[in-house]
Amino acid sequence: MRMVIALGGNALLRRGERPDAEVQVAHLAVAAPALATVAAEHEVVIVHGNGPQVGLLALESTADPGLTKPYPLSDLVAETQGVIGYWIQQALTNAGLPGRAVTLVTQTVVSADDPAFGTPTKYVGTGYPEDHARLLESTTGWTFHQDGVEWRRVVASPEPRRIVELDAAEILLRNGVTVILAGGGGVPVVEGAARLAGVDAVVDKDLTAALIATELRADLLVMLTDVPTVYLDYGTPTQRPLHEIGIADLAALHFPSGSMGPKVTAAGRYVEATKGRAAIGSLDEAAAVIAGAAGTQIVAGSPRVS
Ligand code: ADP
Ligand code: MG
């Protein structure tokens with residue numbers, strides 16, 4: 020079976036934790052055995068998130084007096100692909116993956132006229148109290164939005180249109196290599212007159228994972244995060260888990276744009292295009308979510324909500 024696994028930010032860093040390297044390496048060591056078991060048996064593509072990490076690099080770049088100007092987000096996404104990809108490769112090997120895992124520094128083509136460039140929505144970096152966020156806003160020109168009780172930087176998150184290195188990923192997969200692809204949604208680039216150029220944005224990793232799963236004709240798209248299922252009436256007294264749903268019913272429900280929304284959209288797109296199965300669930304239950312025994316399973320055409 021060929022599958023695309025999207026790894027949420029919590030695979031590396033939980034909310035409130037310091038973004039130290041060793042914290043992230045320790046979390047990956049816990050997640051890696053289940054992933055290595057799956058990767059040993061199946062053709063696996065891993066697409067990781069990078070919100071906290073790319074935000075940290077942006078802060079460092081902005082504060083560096085040796086620079087004429089900070090690095091653009093595209094360059095910083097590439098940096099996060101390198102370090103997180105390396106951590107995942109090493110964690111899989113240390114967890115006993117018999118084959119090789121490699122990271123491809125991956126470019127994702129977006130449209131220069133994507134309306135997302137005018138309305139930043141994607142959270143990056145850590146959260147701050149409001150007064151600190153306002154100060155950063157005035158010194159950096161960044162935009163901050165409220166995220167729970169904290170304020171976080173938001174950046175443009177245009178639609179992924181095409182994965183430049185996808186053909187190389189296909190060759191590696193066919194040869195038994197586990198591929199860590201399009202980390203952080205891929206380095207955002209625009210395409211003009213046969214030339215690619217990086218842009219200041221961060222693409223949503225779940226939407227990129229759906230595009231990859233569709234284009235690679237994967238049998239399964241799995242999004243592993245920090246909740247056991249998608250919930251109906253999330254955060255209210257009537258909250259209940261959704262175990263299986265058809266995409267038509269799913270499309271009628273509403274989920275928050277900064278978190279569950281992109282996962283549900285990604286699942287819908289992939290299932291609609293391929294009639295395959297998508298699953299959203301907890302990283303701690305990775306094997307069961309992949310097997311269809313846990314998490315929320317999203318299928319084509321089924322009218323039932325359970
Ligand atoms: P990831 O890093 O895995 O992409 P996100 O924070 O973007 O994680 O998305 C997962 C979060 O979505 C959960 O921690 C939960 O707080 C939030 N969430 C919002 N709405 C729902 C819902 N209806 N069901 C489950 N989780 C939800
Ligand atoms: Mg997310």
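Per the numbering used here, the sequence shown starts with residue 20, numbered consecutively. Glycine included, every Cβ here is placed at the ideal spot set by N, Cα and C. No experiment lies behind these values; they were computed from the predicted model shown.
**Q.** Spatially closest choice to Asp94 from Val206, Ala307, Gly118, Leu215, by CA coordinates
**A.** For Asp94, the nearest C-alpha among the options comes from Val206.
(Q) Between Phe274 and ligand 1, is there a pair consisting of the residue's CB and a ligand heavy atom that are separated by less than 7 angstroms? (A) Answer for Phe274: yes, Cβ within range of ligand 1.
Q) So Arg279 is in the beta strand (DSSP E); what residue range does that whole segment cover? A) First, the residue type needs correcting, since residue 279 is Met and not Arg in the sequence shown. Not the beta strand (DSSP E): Met279 falls in the alpha helix (DSSP H), residues 279 to 293.
Q) Using the rule of at least 16 other Cβ atoms within 10 Å of the residue's Cβ for burial, across every protein chain shown, is Ser276 buried or exposed? A) Ser276 comes out exposed.
Q. Using the beta-carbon count (16 or more within 10 Å), is Asn29 buried or exposed?
A. Of the other Cβ atoms in all chains shown, 16 or more fall within 10 Å of the Cβ of Asn29; this residue is therefore buried.
Q: Locate the beta strand (DSSP E) running through Tyr250, then write down its first and last residues.
A: Taken as a continuous stretch (DSSP letters only), the beta strand (DSSP E) holding Tyr250 covers 249 to 251.
Q.
Distance check for Leu75 and Leu243, CA to CA, integer angstroms please.
A. Between the C-alpha atoms of Leu243 and Leu75 there is a straight-line separation of about 23 angstroms.
Q. Distance, Cα to Cα, Leu302 vs Arg153?
A. Cα to Cα, the separation comes out at about 35 angstroms.
Q: Using 7 angstroms as the cut-off, classify the Cβ of Asn29 as near or not near the heavy atoms of ligand 1, replying yes or no.
A: Taken from the Cβ of Asn29, at least one heavy atom of ligand 1 lies inside 7 angstroms.
Q. What first and last residue would you give for the beta strand (DSSP E) that runs through Gln165?
A. Counting along the chain, Gln165 sits inside the beta strand (DSSP E) bounded by residues 162 to 166.
Q: Taking only heavy atoms of ligand 1 into account, decide whether any of them is closer than 7 angstroms to the Cβ of Ser278.
A: Indeed, a heavy atom of ligand 1 lies less than 7 angstroms from the Cβ.
Q) Any heavy atom of ligand 2 closer than 7 angstroms to the CB of Pro68? A) Note on identity: in this sequence residue 68 is Gly, with Pro being the wrong assignment. Yes; taking the cut-off as 7 angstroms, the Cβ of Gly68 has a heavy atom of ligand 2 nearer than that.
Q.
By the three-class DSSP mapping on this structure, what secondary structure does Pro177 have?
A. The DSSP-derived three-state label of Pro177 is coil.
Q) In the DSSP assignment, what are the bridge partners of Glu169? A) Paired residue(s): Asp166.
Q. Rounded to whole angstroms, how far is the Cβ of Met20 from the Cβ of Asp238, which I believe are closer than 8 angstroms?
A. About 5 angstroms separates the two Cβ atoms, so the contact holds.
Q: Can you tell me which of the three DSSP states Gln100 falls into?
A: DSSP, read as helix, strand or coil, puts Gln100 in helix.
Q.
Please report the distance separating the alpha-carbon of Ala212 from that of Ile107.
A. Distance between the alpha carbons of Ala212 and Ile107 is about 36 angstroms.
Q.
Helix, strand or coil, according to DSSP, for Gly27 in the structure here?
A. Secondary structure at Gly27: coil, using DSSP grouped into helix, strand and coil.
Q. Got a sec: does ligand 2 put a non-hydrogen atom nearer than 7 angstroms to the Cβ of Pro281?
A. The answer is yes for Pro281.
(Q) Nearest by alpha-carbon distance to Asp219: which of Trp161, Ala312, Ala82, Gln109 is it? (A) Looking at the Cα atoms, Trp161 is the closest of the given residues.
**Q.** Beta-carbon proximity of Glu174 to Val124, cut-off 8 angstroms
**A.** Before going on, a small fix: residue 174 reads as Val here, not Glu. In this structure, Val174 sits away from Val124, with a CB-CB distance that is not shorter than 8 angstroms.
Q. Tell me which same chain residues have a C-beta within less than 7 angstroms of the C-beta of Ala201, skipping the five on either side of it?
A. Contacts found: Val66, Thr125, Thr127, Ile182, Thr227, Ile231.
Q: Could you please give the first and the last residue of the uninterrupted beta strand (DSSP E) stretch that includes Ala216?
A: 214 to 217 is the span of the beta strand (DSSP E), which, as asked, contains Ala216.
Q: Would you mind reading off the limits of the beta strand (DSSP E) that contains Ala297?
A: Element bounds for Ala297: 296 to 301.
Q. Met279: which of Thr248, Thr138, Arg288 sits nearest, CA to CA?
A. Of the candidates Thr248, Thr138, Arg288, the one whose C-alpha sits nearest the C-alpha of Met279 is Thr248.
Q. Under 8 angstroms between the Cβ atoms of Pro38 and Leu32?
A. If you check the CB distance, Pro38 and Leu32 come in under 8 angstroms.
Q. How far does the beta strand (DSSP E) with Glu184 in it reach, from first residue to last?
A. Segment: none, Glu184 is in no beta strand (DSSP E) and carries neither H nor E.
Q: Within 10 angstroms of the Cβ of Lys88, are there 16 or more other Cβ atoms? Answer buried if so, exposed if not.
A: Within a 10 Å sphere around the beta-carbon of Lys88 sit fewer than 16 other beta-carbons, which makes this residue exposed.
Q. When burial is assigned at 16 or more other CB atoms within 10 Å of the CB, is Asp252 buried or exposed?
A. Flag for Asp252 reads exposed.
Q: Please work out which residues of its chain come closer than 6 angstroms, Cβ to Cβ, to Pro322, disregarding the five sequence neighbours upstream and downstream, and give them in chain order.
A: Because Pro322 carries a pLDDT of 48, less than 50, the predicted location of this residue cannot be relied on, and the following value inherits that uncertainty. So the qualifying residues of the chain are Gly265.
Q) Does any heavy atom of ligand 1 sit closer than 7 angstroms to the C-beta of Asp268? A) The closest heavy atom of ligand 1 lies 7 angstroms or more from the beta carbon of Asp268.
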